[in-house]
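**Student:** Residues in the sequence shown are numbered from 447 upward in steps of one, following this note's numbering.
Before we start, here is the structure in question, set down as structure tokens.
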Amino acid sequence: MIKLLLVEDDPNLCYIVQSGLQELIGGYDVCTAANGKEGLEAWEQHKPDIIISDIDMPEMDGFEMVKRIRETDGDTPILFASALTSPKDVRRGYGFGVNNYVKKPYVPDELDAHIHAILKMKSGEKSRSENGCLKIGHYTLEPAHATLRNDTNGKLQVLTQREAQILQLLAENKNEVVRREAILSRFWNTEDDFFASRSLDVFINKLRKHFESDADIEIKTVRGIGLMLVTG
């Protein structure tokens with residue numbers, strides 16, 4: 447069961463989200479806090495697996511809370527769930543160390559998708575090599591330099607930064623479905639935008655071409671859910 451800290455000053459929303467998460471399959475052990483100050487205390491006491499926090503709150507806002515947590519804890523994933531998703535707010539949050547954003551209003555099922563995507567990415571990082579490379583069949587992806595090397599013939603393909611980022615996310619969760627909404631939220635800061643969705647399709651088609659001669663590697667579209675990197 448995932449231990450989750452929910453920091454939310456709207457008591458009605460807090461109750462709805464807490465109840466909804468606890469009723470999901472697998473369930474959550476949810477503790478709550480009404481502002482950043484209470485959130486800090488709950489984080490120290492309960493040591494949650496993940497923190498979901500509003501930004502605009504009394505006594506201490508989400509930005510300040512994350513800033514203080516990141517002074518000593520760089521590992522616990524933190525997701526901002528807020529109506530404050532302007533580019534300025536997003537940059538500020540990432541600067542303090544938040545891992546992702548979800549825009550209000552949202553439902554527990556949507557939040558659940560984000561949580562599992564973030565936790566999968568966190569566990570996937572442990573399987574990377576020391577230099578940050580990721581193995582995809584007989585290919586090696588080096589995200590820091592946006593390159594994909596065929597280890598069989600030594601051929602090096604240069605990717606765009608966005609291609610490398612998307613492939614990195616899929617590789618960290620290979621043979622697992624990554625929800626489309628989570629990808630759009632992470633790289634386009636949206637979950638339901640026509641142009642962002644079409645842009646994602648373009649990048650996926652480009653990535654597929656890099657593996658078109660290899661029958662053991664496929665980027666599959668799981669209709670209505672998301673994408674999955676399958677390796678033989």
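For each residue, glycine too, the CB sits at the ideal point set by N, CA and C.
Nothing here was measured: the structure is a model prediction, and the numbers come from that model.
By Cβ distance, which residues of its chain are closer than 8 Å to E576, with the 5 residues on each side in sequence left out?
**Tutor:** Mapped onto the sequence shown, residue 576 falls at position 130. For E576, the predicted model reports a pLDDT of 44, less than 50, meaning its position is unreliable and no value from the coordinates is stated.
**Student:** For W489 and I515, what's the separation of their Cα atoms in angstroms?
**Tutor:** Within the sequence shown, the letter at position 43 stands for residue 489. Within the sequence shown, the letter at position 69 stands for residue 515. Roughly 8 Å between the two C-alpha positions.
**Student:** Could you give the distance in angstroms between the alpha-carbon of Y474 and the alpha-carbon of G600?
**Tutor:** Taking the sequence shown and counting its residues from 1, one reaches residue 474 at position 28. Taking the sequence shown and counting its residues from 1, one reaches residue 600 at position 154. Those two C-alpha atoms are separated by around 46 Å.
**Student:** What are the residues that DSSP puts in a beta bridge with A527?
**Tutor:** Taking the sequence shown and counting its residues from 1, one reaches residue 527 at position 81. DSSP output for A527 lists V548 as bridge partner(s).
**Student:** Skipping 5 residues on each side, what residues in its chain have a beta carbon closer than 7 Å to that of L452?
**Tutor:** For the purposes of this step, residue 452 is taken as residue 6 along the sequence shown, with counting starting at 1. Counting only Cβ-Cβ distances below 7 Å, and skipping sequence neighbours, we find C460, V463, Q464, V476, T478 and I498.
**Student:** Among the candidates P504, Q491, D495 and L470, whose CA atom is the shortest distance from the CA of N481?
**Tutor:** Within the sequence shown, numbered from 1, the residue matching residue 481 stands at position 35. When each option's Cα is compared against that of N481, the closest is P504.
**Student:** Quick one: residues in its chain with C-beta nearer than 8 Å to the C-beta of I501, no 5 flanking neighbours on either side, listed in chain order?
**Tutor:** To locate residue 501, count along the sequence shown from 1; it is residue 55. Cβ within range, chain order: D507, G508, F509, F526, S528, L530, D535 and G539.
**Student:** Within its chain, find whatever has a CB closer than 6 Å to the CB of P589; leave out the 5 residues flanking it on each side and keep chain order.
**Tutor:** Numbered from 1 along the sequence shown, position 143 holds the residue referred to as residue 589. Excluding positions up to five away in sequence, the list reads A610 and Q614.
**Student:** When the Cα atoms are used, what is the spatial distance from I496 to D519?
**Tutor:** Working through the sequence shown from its first residue, we reach residue 496 at position 50. Working through the sequence shown from its first residue, we reach residue 519 at position 73. C-alpha separation (whole angstroms): 12 Å.
**Student:** Evaluate I561 with the Cβ neighbour count: other Cβ atoms within 10 Å of its Cβ, from every protein chain shown; 16 or more gives buried, anything less gives exposed.
**Tutor:** Reading the sequence shown from its first residue, position 115 is the one you call residue 561. By the 10 Å Cβ count, I561 comes out buried.
**Student:** Taking the alpha-carbon of L450 as reference, which of H492, N635 and K620 has the nearest alpha-carbon?
**Tutor:** Along the sequence shown, read from residue 1 onward, the residue named residue 450 stands at position 4. Closest by alpha carbon: H492.
**Student:** Could you spell out where the alpha helix (DSSP H) holding A610 opens and where it closes?
**Tutor:** To locate residue 610, count along the sequence shown from 1; it is residue 164. Q607 to E618 is the extent of the alpha helix (DSSP H) around A610.
**Student:** Starting from V648 and walking both ways along the beta strand (DSSP E), at which residues does that stretch end?
**Tutor:** As a working mapping, residue 648 is identified with position 202 in the sequence shown. No beta strand (DSSP E) contains V648, which is instead part of the alpha helix (DSSP H) from F640 to H656.
**Student:** How big is the Cα-Cα spacing for K549 and S659?
**Tutor:** In the sequence shown, counting from the first residue as 1, residue 549 sits at position 103. In the sequence shown, counting from the first residue as 1, residue 659 sits at position 213. Distance between the alpha carbons of K549 and S659 is about 39 Å.
**Student:** Over what stretch of residues does the alpha helix (DSSP H) that includes E664 continue unbroken?
**Tutor:** Your numbering for residue 664 matches position 218 in the sequence shown. No alpha helix (DSSP H) holds E664; the beta strand (DSSP E) holding it covers I663 to V668.
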